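Enquirer: In my numbering, the protein residues as written are 2 to 100. Positions of the beta carbon are idealized from the N, C-alpha and C atoms, including for glycine. Here the structure is a predicted model, which means the values were calculated and not measured.
#1: Could you give the first and the last residue of the continuous alpha helix (DSSP H) run that contains residue 73?
#2: Taking only the alpha-carbon atoms, compute the straight-line gap between residue 6 and residue 15 and give it to the nearest angstrom.
#3: According to DSSP, simplified to helix, strand and coil, what is residue 31?
#4: Based on Cα-Cα distance, which residue from 45, 12, 79 and 42 lies nearest to residue 55?
#5: Do the segment 47-54 and the segment 15-26 meet, that is, are 3 or more Cβ pairs less than 8 Å apart?
This is the structure we're talking about:
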């Protein structure tokens, strides 16, 4: 896709909704949910994207979504649940208190 359409394909992702841009990015080889969310957030101006890594997973299960604590891995469904929650809004403060 990117090789065939070049920069136009990538720039076109800015004009479509987050979910569709995320889906298209994940079709690229080696791009998973977190990388797609990072690109959406940082390069495509999609503030609803929440990249979920091990640190976000731990914070979510310890403080906000304890029902996920018993799970052994981060499935696509759990990734979406964490991303849809308001955790990012609670954590991303101007002066976070991480005590």
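Expert: Taking the structure as given:
#1: Element bounds for residue 73: n/a, residue is neither H nor E.
#2: 15 Å
#3: coil
#4: 79
#5: yes
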